[in-house]
Amino acid sequence: MADKINFELVSPAKLLISSPVDMVVVPGTEGDFGALAQHSPVISTVRPGVIDVHDGGKVSTRIFVAGGFAEVNEQRITVLAEEALPVSDITHDMASARLQAAKEALADAKTEPARVAAEKLMSIAQALQAAAH
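Residue numbers (numbering that gives the first Met the number 0): 0 to 132.
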């Protein structure tokens, strides 16, 4: 297993993935990063986007995450996601509805905290829309 890294993806609802894989590419706040076995330890925030899981020489799984945290060490990568769902489960209607709700929240935001929350919803909705295509 020295050539594999153990990947765990945890959402508030459940443990979505727990398996050894070749590589995981994560949408970090400072840019996408790949984690392989023997990776140097790192902790990163995760921006809304798609995690690509590589196994068997190809992308085996694609999962949308709405943000969270990633912790990497030599043997494991753990992503704690605010929300996660397989890209294959995303529909155009779902993405459009989230985008519309985010636009309405932004238009209705009257205070600074409400505006910040609405901007976060917009960021998630735009990433979901991009993942749907």
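Here a beta-carbon is modelled for each residue, glycine too, at the ideal position from N, C-alpha and C.
These figures come from a predicted structure and were not determined experimentally.
Straight-line gap, residue i to residue j (C-alpha atoms, nearest Å)
{"i": "P112", "j": "I16", "result": "33 Å"}
{"i": "S10", "j": "S95", "result": "23 Å"}
{"i": "V58", "j": "K119", "result": "28 Å"}
{"i": "T110", "j": "A117", "result": "10 Å"}
{"i": "I42", "j": "H91", "result": "33 Å"}
{"i": "P26", "j": "F32", "result": "7 Å"}
{"i": "D2", "j": "A108", "result": "49 Å"}
{"i": "H38", "j": "E29", "result": "17 Å"}
{"i": "A106", "j": "V115", "result": "12 Å"}
{"i": "Q125", "j": "L84", "result": "15 Å"}
Nonlocal neighbours in the same chain, by C-beta distance under 6 Å from residue i, ignoring five residues either side
{"i": "A130", "result": "V49, F63, V86 and I89"}
{"i": "H53", "result": "D21 and M22"}
{"i": "A65", "result": "P47, E81, E82 and I123"}
{"i": "T60", "result": "V52"}
{"i": "Q40", "result": "In the sequence under discussion, the amino acid at residue 40 is Pro, which differs from the Gln named in the question. Taken in chain order, the residues that qualify are N72."}
{"i": "A134", "result": "Within the shown structure, residues of the chain are numbered from 0 to 132, placing residue 134 beyond reach of any answer."}
Same chain, Cβ closer than 7 Å to residue i, neighbours up to 5 away in sequence not counted
{"i": "G67", "result": "V45, V78, L79, A80 and E81"}
{"i": "L35", "result": "I4 and M22"}
Per DSSP, the bridge partner or partners of residue i
{"i": "I62", "result": "I50 and P85"}
{"i": "I135", "result": "This structure leaves residue 135 out entirely; the chain is present only between 0 and 132."}
{"i": "I76", "result": "F6 and V71"}
{"i": "D31", "result": "P26"}
{"i": "V45", "result": "G27 and G67"}
{"i": "L14", "result": "V9"}
Sequence-distant residues of its chain with Cβ nearer than 8 Å to residue i (five each side left out)
{"i": "M93", "result": "L127 and A131"}
If we count Cβ pairs, one from each stretch, closer than 8 Å, do we get three or more for the region 64-79 versus the region 100-117?
no
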